[in-house]
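Q:
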Amino acid sequence: SQQGEEDPQALSIQEGENATMNCSYKTSINNLQWYRQNSGRGLVHLILIRSNEREKHSGRLRVTLDTSKKSSSLLITASRAADTASYFCARGRGQNFVFGPGTRLSVLP
Amino acid sequence: DGGITQSPKYLFRKEGQNVTLSCEQNLNHDAMYWYRQDPGQGLRLIYYSQIVNDFQKGDIAEGYSVSREKKESFPLTVTSAQKNPTAFYLCASSFGLRETQYFGPGTRLLVL
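Here the protein sequences line up with chains A and B, keeping their order.
Numbering-wise (this note's numbering), the first sequence opens with residue 1 and increments by one.
Numbering-wise (this note's numbering), the second sequence opens with residue 1 and increments by one.
1) For the 8 Å Cβ check, are there 3 or more pairs between the stretch 83 to 97 of chain A and the stretch 5 to 24 of chain A?
2) Going by DSSP in three states, A31/B sits in which element: helix, strand or coil?
3) Would you kindly check if the distance between the Cβ of Y48/B and the Cβ of Q37/B is under 9 Å?
4) So, is S51/A buried or exposed, given that buried needs 16 or more other C-beta atoms within 10 angstroms?
5) For F99/A, tell me which candidate among L45/B, P8/B, K9/B, S22/B has the shortest Cα-Cα distance.
6) So V63/A and K56/A are in contact, right, with Cβ under 8 Å, and what is the actual spacing, rounded?
7) Are any of the Cβ atoms in chain A nearer than 9 Å to that of G63/B?
8) Taking 9 Å as the threshold (beta carbon to beta carbon), is G92/A in contact with chain B?
9) Rounded to whole angstroms, what is the Cα-Cα separation between G102/A and G42/B?
10) Grab me the residues of T5/B's own chain with a C-beta within less than 7 Å of its C-beta, minus the 5 sequence neighbours each way, in chain order.
11) Of all Cβ atoms in chain B, is any one closer than 9 Å to the Cβ of P8/A?
12) Do S71/A and L65/A count as a contact pair if the criterion is CB distance below 9 Å?
13) With distances taken between CB atoms, is the gap from G63/B to Q82/B smaller than 9 Å?
14) Could you round the C-beta distance between V111/B and T86/B to whole angstroms and report it? I think they count as a contact, below 8 Å.
15) Ends of the beta strand (DSSP E) at F88/B?
What follows is the structure, given as structure tokens:
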């Protein structure tokens, strides 16, 4: 598959713990984005990281990109119950983005 | 209040019927997109439009049609040729292709 693939498919953690999700891809990218989707809702953009960047932060979120390994990771620190959602990486492919199947994160109180 | 809106929230289609999903944005974005999402899966691109009066097929365009007569609007018609239309449909927009996309709340289409 040429899609970005997230790993794991599902993740359950306790509130306050850190959550790490990974995204792998097979062909070169322009940039990579991470999105969050609450159940039955639209996607919310979290972070865009360009191919010449290695790390970006936004609040409790940290995204890394390793182009040599064709992978990216999303770290959510000090998780909260409100972080419960599906998280998708979107890999830039040509003129568009290809979305992976997502990681379903459950943060238990 | 800027944003991207979709209507209706739920839509029911009868066999053989065409239905149209609305997508409007006031973000002054040039590019607009339609995605389909099936339960537990990622998004698949149906159609996209880079500018007014231009649109391109995505990965799963068969059974769908679009128009882009105005910058703000990008309606999607699910035709009777789409044999498995039940899904969650998401519209998005961005300033340009390969830029951050902003999503609407989605329309859930169900078949009666």
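The beta-carbon is built from N, C-alpha and C at its ideal position, and this holds for glycine as well.
A: This is what the structure gives:
1) yes
2) If you number the second sequence from 1, residue 31/B lands on position 31. Three-state result, A31/B: strand.
3) The sequence position of residue 37/B within the second sequence is 37, counting from 1. The sequence position of residue 48/B within the second sequence is 48, counting from 1. No.
4) For this step, residue 51/A is matched to residue 51 along the first sequence. It is exposed - the Cβ of S51/A has fewer than 16 other Cβ atoms within 10 Å.
5) As a working note, residue 99/A is residue 99 in the first sequence. Per the Cα distances, L45/B.
6) For this step, residue 63/A is matched to residue 63 along the first sequence. For this step, residue 56/A is matched to residue 56 along the first sequence. Right, their Cβ atoms sit about 5 Å apart.
7) Taking the second sequence and counting its residues from 1, the one referred to as residue 63/B is at position 63. No, G63/B does not count as interfacial toward chain A.
8) The sequence position of residue 92/A within the first sequence is 92, counting from 1. So yes, G92/A belongs to the interface.
9) Within the first sequence, numbered from 1, the residue matching residue 102/A stands at position 102. Within the second sequence, numbered from 1, the residue matching residue 42/B stands at position 42. Cα to Cα, G102/A sits roughly 6 Å from G42/B.
10) Start at 1 with the first residue of the second sequence, and residue 5/B comes out as number 5. Hits under 7 Å: E24, G104.
11) For the purposes of this step, residue 8/A is taken as the residue at position 8 of the first sequence. With 9 Å as the cut-off, P8/A does not count as an interface residue toward chain B.
12) Residue 65/A sits at position 65 when you count from the first residue of the first sequence. Residue 71/A sits at position 71 when you count from the first residue of the first sequence. Yes.
13) As a first step, residue 63/B must be located in the second sequence, where it is residue number 63. As a first step, residue 82/B must be located in the second sequence, where it is residue number 82. Yes.
14) To locate residue 111/B, count along the second sequence from 1; it is residue 111. To locate residue 86/B, count along the second sequence from 1; it is residue 86. Between V111/B and T86/B the beta-carbon gap is near 5 Å, inside 8 Å, which marks them as a contact.
15) As a position in the second sequence, residue 88/B is number 88, starting the count at 1. Where F88/B is concerned, the enclosing beta strand (DSSP E) stretches over 87 to 94.
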